[in-house]
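Student:
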Amino acid sequence: MIETIVTRPIDGQKPGTSGLRKKTRVFQEPGYLENFVQSIWNGIGGVQGKLLVLGGDGRFFNDQAVQIILRMAAASGAARVIVGQNGLLSTPAASHLIRARGADGGVILSASHNPGGPEGDFGVKFNTANGGPAPERVTEAIFRATTELEEYRILRAPDLDLGELGIHRLHETEVEIVDPVADYAALMERLFDFDAIRALFASGFRMRFDAMHAITGPYARAILETRLGAPAGSVINATPLPDFGGGHPDPNPVWAHELMALMTGPEAPDFGAASDGDGDRNMIVGRGQYVTPSDSLAVIAANAHLVPGYAGGLKGVARSMPSSAALDRVAEALGIACYATPTGWKFFGNLLDAGRATLCGEESAGTGSDHIREKDGLWAVLMWLNILAAREQSVAEVMADHWARFRRNYYSRHDYEEVDSGAATTLVEELRAGLDRLAGARLGVLRVRTAEDFSYSDPVDGSVTTKQGIQIHFVEDARLVLRLSGTGTAGATLRVYLERVVAGPEGLAEDPQAALAEVIAAAEELCMFKTRFGRAAPDVVT
Ligand code: G16
109 MIETIVTRPI DGQKPGTSGL RKKTRVFQEP GYLENFVQSI WNGIGGVQGK
159 LLVLGGDGRF FNDQAVQIIL RMAAASGAAR VIVGQNGLLS TPAASHLIRA
209 RGADGGVILS ASHNPGGPEG DFGVKFNTAN GGPAPERVTE AIFRATTELE
259 EYRILRAPDL DLGELGIHRL HETEVEIVDP VADYAALMER LFDFDAIRAL
309 FASGFRMRFD AMHAITGPYA RAILETRLGA PAGSVINATP LPDFGGGHPD
359 PNPVWAHELM ALMTGPEAPD FGAASDGDGD RNMIVGRGQY VTPSDSLAVI
409 AANAHLVPGY AGGLKGVARS MPSSAALDRV AEALGIACYA TPTGWKFFGN
459 LLDAGRATLC GEESAGTGSD HIREKDGLWA VLMWLNILAA REQSVAEVMA
509 DHWARFRRNY YSRHDYEEVD SGAATTLVEE LRAGLDRLAG ARLGVLRVRT
559 AEDFSYSDPV DGSVTTKQGI QIHFVEDARL VLRLSGTGTA GATLRVYLER
609 VVAGPEGLAE DPQAALAEVI AAAEELCMFK TRFGRAAPDV VT
């Protein structure tokens, strides 16, 4: 029986950088999830007769949310919903399924790298028919729908057994439960030289992949251990847990510190990698050699021709504005376009769809290509494995060669987390207001060349997105970027991105924080974080 429940708009259901993210207990409040899901349906013109994909990263409340969304899809007349077994799908696998099956869109349940559990975070994002995160005009329509909502529709029915593969029926909607790994693994096999990677492992190459108790565990086991022959145990923390084992599934040196300790210790394997809650982020680390996401993107671009799926060359590349400009010089050398977009994977969609970019990436540990429309953690790991197999070099050797050829962009991000929203907004507004006076000014020993509030004009559809971060270029080939995060669930998070280019041949192997000391000092002089936020130091330095 279909029930129509009278409801009222709920404040604050505005999708951020990547969908709607809130505390899990907020999503569990009566009607909260239902309101947002009905608003998605309303915002996209209904789901009557449509084909949808549904799955999530397995965090606490994933199982219940999948059942609710299925009943709401059935109540609104969806023709079919393809669901990952047990309600699980990594974000890249969901993006691939949407594209491969010609779906009208998909709902992905994840708060990405944010911790899970009853006291953690939950999230819902909608991806469109191209497999990518809904673009701004769609998220705006969904948000508008949340403010006008008067009722939602839901089927009264018992829970489906999501463990059983095959076709089930929910009212008039077909629910197809699929193996979450199979299609994705087949796609990876088409893109990469699996024989070469198999030979690498057979030669004694050792790796450690930390799935951080999140969704990539089953994918990494199936691909790295089963198909590519990495020794059993190469993938650790491989069972997805509703609270990620109490951890913070964010693949960076701070949160993946056990892996970092291993990779810098005496027993380090040749290669280390990690992924996040929903499997779209990655961390790459060689023996004694951490690779920043921006450098990883640049190396992948410079070496993509060694990988079968990209042997034909790159059409262009793209990075988010705060990501380092290491990619730009590779693009220059390759003679291809390089786009700088606002933070958020959704901004790459048009470039990929229009064939203007083949690879794209972000400083926030996201790397990907036109094989899907999301960033893809395991894809980046396979890229590196394929490149290492082809070049017969270690990660440290690849990096040293890269910097010698292209120069090194020292790079770091300092995050001030959960600071007072008012104080953070005031800082950004003050900076905006003072931009005109900054050009030519000195901040410590650095001199400001240009200062702007970044805005992006999409070259494909002409849409303009403003206020995407304060960007300050210094005469001394350095850069400072400040912006407020759009993915937090408490207070405000201020991100401070620091970059400085060193041409070499000297000075290519410094400690990044030391190499960036003057940019860090310039940021403090400009923003006075210590007095403003009452913090002696940033909360997270990556
Ligand atoms: C999301 C977006 C990314 C973005 C990142 C950080 O990643 O998909 O495009 O770079 O958040 O955004 P912010 O700096 O606004 O917090 P994920 O992996 O969390 O979905």
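Sequence positions in the sequence shown follow our numbering and run 109 to 650.
Even glycine gets a Cβ: it sits at the ideal position worked out from N, Cα and C.
1. So, for G353: in the same chain, excluding its five sequence neighbours on each side, which residues have a beta-carbon less than 6 angstroms away from its beta-carbon?
2. Quick check: what's the CA-CA separation for G224 versus P123?
3. Rounding to the nearest angstrom, what Cα-Cα distance links D386 and T372 in this structure?
4. Expressed to the nearest angstrom, what Euclidean distance is found between the alpha-carbon atoms of N170 and R587?
5. With a Cβ-Cβ cutoff of 7 angstroms, do D461 and N238 count as a contact?
6. Is H365 near the ligand SAM, judged by its Cβ being under 6 angstroms from some heavy atom?
7. Given this structure, state the Cα-to-Cα distance separating A532 from F637, to the nearest angstrom.
8. Mind listing, in chain order, the continuous alpha helix (DSSP H) runs of no fewer than 4 residues lying wholly within the region 534-608?
9. Where does F352 fall in DSSP's three states?
10. Under the rule that 16 or more other beta-carbon atoms within 10 Å means buried, what is Q397, buried or exposed?
11. Reducing DSSP to helix, strand and coil, say where V627 ends up.
12. Any contact of the region 519-526 with the region 612-630, i.e. 3+ C-beta pairs under 8 angstroms?
13. Under 6 angstroms from any heavy atom of the ligand G16, does the C-beta of D523 make it?
14. Give every residue of the same chain whose Cβ lies closer than 6 angstroms to the Cβ of S432, excluding the five residues on either side of it in the sequence, and list them in chain order.
15. Would you give the residue range spanned by the alpha helix (DSSP H) that A319 belongs to?
16. Could you check the C-alpha separation between D585 and R545 for me, to the nearest Å?
17. Is I408 helix, strand or coil by DSSP?
18. Would you kindly report the start and end of the unbroken beta strand (DSSP E) that includes M391?
19. Is DSSP giving F379 helix, strand or coil here?
20. Do F455 and C468 have their C-beta atoms within less than 7 angstroms of each other?
21. With L422 and I444 assumed to form a contact (beta carbons below 8 angstroms), what rounded beta-carbon distance in angstroms separates them?
22. Can you find a heavy atom of the ligand G16 that lies under 6 angstroms from the Cβ of S520?
23. Straight-line CA distance for R449 to Y292?
24. To the nearest angstrom, how far is it from the Cα of I216 to the Cα of E526?
25. Less than 7 angstroms separating the beta-carbons of A651 and L414?
26. When the Cα atoms are used, what is the spatial distance from E280 to G185?
Tutor: Reading from the atomic positions:
1. For G353, same chain residues with a beta-carbon under 6 angstroms away, outside a window of 5 residues either side, are H321 in chain order.
2. Answer to the nearest angstrom: the Cα atoms are 19 angstroms apart.
3. Spanning the alpha carbons of D386 and T372 requires a straight line of approximately 26 angstroms.
4. Distance between the alpha carbons of N170 and R587 is about 41 angstroms.
5. A distance below 7 angstroms separates the beta carbons of D461 and N238.
6. Absence of the ligand SAM is noted for the structure shown, with the ligand G16 being the only ligands found.
7. When only Cα atoms are considered, A532 and F637 end up about 10 angstroms apart.
8. Counting whole runs of 4 or more residues, the region 534-608 contains the alpha helix (DSSP H) stretches 543-546.
9. For F352, the secondary structure class from DSSP, reduced to helix, strand or coil, is helix.
10. Counting Cβ neighbours within 10 Å, Q397 comes out buried, since at least 16 surround it.
11. In the structure shown, V627 sits in a helix (DSSP, three-state: H, G or I).
12. Counting Cβ pairs under 8 angstroms, three or more are found: they touch.
13. No, the ligand G16 has no heavy atom inside 6 angstroms of this Cβ.
14. Excluding positions up to five away in sequence, the list reads S402, N517, Y519, E607.
15. Counting along the chain, A319 falls outside any alpha helix (DSSP H), and DSSP gives it neither H nor E.
16. Rounded to the nearest whole angstrom, the C-alpha separation of D585 and R545 is 20 angstroms.
17. If DSSP states are grouped into helix, strand and coil, I408 belongs with the helices.
18. The continuous beta strand (DSSP E) containing M391 extends over residues 390-394.
19. F379 carries a strand assignment under DSSP once its states are collapsed to helix, strand and coil.
20. No, the pair does not count as a contact, with Cβ atoms beyond the cut-off.
21. In this structure, L422 and I444 form a Cβ contact; the two beta carbons are roughly 6 angstroms apart against a cut-off of 8 angstroms.
22. The beta carbon of S520 sits no closer than 6 angstroms to any heavy atom of the ligand G16.
23. Checking the displayed sequence, the identity of residue 449 turns out to be Thr instead of Arg. Spanning the two alpha carbons is a distance of roughly 27 angstroms.
24. Between the alpha carbons of I216 and E526 lies a distance of about 25 angstroms.
25. No answer is possible for residue 651: it lies beyond the span of the chain, which begins at 109 and ends at 650.
26. Each residue's alpha carbon lies about 7 angstroms from the other.
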